[in-house]
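Written out below as structure tokens is the structure these notes cover.
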Amino acid sequence: MPTTTIAGHAVEVNDEGFLTHPDQWSDDLGVELGRLIGIELTDEHWKLVHFLRDDFGRQGETATLRRVSTQTGTPVKALFELFPGKPAKKMAYVAGLPKPKGCV
Amino acid sequence: MTTQTTETAPLVPSFDAPESQGRKLAIICSKGNLDMAYPGLILANAALGEGVETHLFFTFWGFDMINKKTSGDLKFTMLGNTATHMPQGLGGIPGMTHLATSQMKKAIADLDVPEVPEFLDQIVASGGHLWACRMSADMQHLGEKDLRDDVEGIISASDFIELTEGAQLLFI
Chain A
1 MPTTTIAGHA
11 VEVNDEGFLT
21 HPDQWSDDLG
31 VELGRLIGIE
41 LTDEHWKLVH
51 FLRDDFGRQG
61 ETATLRRVST
71 QTGTPVKALF
81 ELFPGKPAKK
91 MAYVAGLPKP
101 KGCV
Chain B
1 MTTQTTETAP
11 LVPSFDAPES
21 QGRKLAIICS
31 KGNLDMAYPG
41 LILANAALGE
51 GVETHLFFTF
61 WGFDMINKKT
71 SGDLKFTMLG
81 NTATHMPQGL
91 GGIPGMTHLA
101 TSQMKKAIAD
111 LDVPEVPEFL
121 DQIVASGGHL
131 WACRMSADMQ
141 HLGEKDLRDD
151 VEGIISASDF
161 IELTEGAQLL
171 FI
């Protein structure tokens, strides 16, 4: 596994750049991960990122876009606006989690 | 396994790489059975989540997916479907289609996958485009008022082909 340095932290990532150890993540790192993919995190972003982190802790897997939407009460359209293009993957990346595995 | 340390440029996923831009997917939905509605919906949803411009064209029995009267009431039957691995005669017993449909709906709901109308809501909210087939509308004597409000138009097959120029295409 490659090691990369983000915001002064050495973290392990997979070949695509996703963190492989969710416990190496911190809010500071989240800010920088967002910046690296062109997203400046607002309170709305943070609400979703923290949901993803908490949900991963409970479920052991990354929430799909639908799960994020239904569990946080955020319309799907808003998710696409906050994390444009590939919302589920971008959200997971910023939260330091693996890409979601679920289909829907 | 190799370990490498990059101090300067962090390894970042190429979410918005130019080569992934401009990809288009066209899905032709021609079936009105519950089990045959889902493949198109799931693939459309997945494509939209990957930033792919997605168009769904509903034709023939696929019209039931966007017809307000039938959209929430698609059915699954064992009849003619050997993949259930049950005696075919069972499928013809009165009430069996109702039972099979309820069981399939429950199995789908258990996975937190929405019912057809709600799934289409999600697809449209994700930026998907819904189109209805002109000939199917004429055959079934249906107009725009009979269809979901977010169907963008009743168009001919040639219109759809023109609209989806360069797209990858799925026929279901």
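Just so you know, the protein sequences line up as chains A and B, in that order.
The first sequence begins at 1 in this note's numbering and counts up by one.
The second sequence begins at 1 in this note's numbering and counts up by one.
We treat Cβ as the ideally placed atom computed from N, Cα and C, and that holds for glycine.
Note that the structure is a prediction, hence the values are computed from the model and not measured.
query, result
"Whole-angstrom C-beta distance between A/E16 and A/T3, which should lie under 8 Å", "No, A/T3 and A/E16 are not in contact; Cβ-Cβ is about 14 Å, not under 8 Å."
"Residue(s) in a DSSP beta bridge with A/H21", "Note: A/H21 sits in no beta bridge, so no partner."
"Backbone CA spacing between B/S158 and B/V151 [nearest angstrom]", "17 Å"
"Rounded straight-line distance, which links the Cα of B/N67 to that of B/G153", "13 Å"
"Alpha-carbon to alpha-carbon, A/T5 and B/E7", "Only weak support exists for where B/E7 lies, its pLDDT of 49 falling under 50; the value from the coordinates is given anyway. For B/E7 and A/T5, the distance between alpha carbons rounds to 6 Å."
"Cβ contact (3+ pairs, closer than 8 Å) linking the region 85-100 of chain B and the region 18-27 of chain B", "no"
"Cutoff 8 Å: B/E162 Cβ touching any chain A Cβ", "no"
"For B/F119 and B/G179, the rounded distance between their alpha carbons", "Only positions 1 to 172 of chain B appear in this structure, which leaves residue 179 of chain B out of reach."
"Those runs of the alpha helix (DSSP H) which lie wholly inside the region 29-78 of chain B and span at least 4 residues", "34-49"
"C-alpha distance - B/L163 paired with A/H9, whole-angstrom precision", "48 Å"
"Contacts around A/R66, its chain only, beta-carbon distance under 6 Å, and the 5 residues preceding and following it disregarded", "V104"
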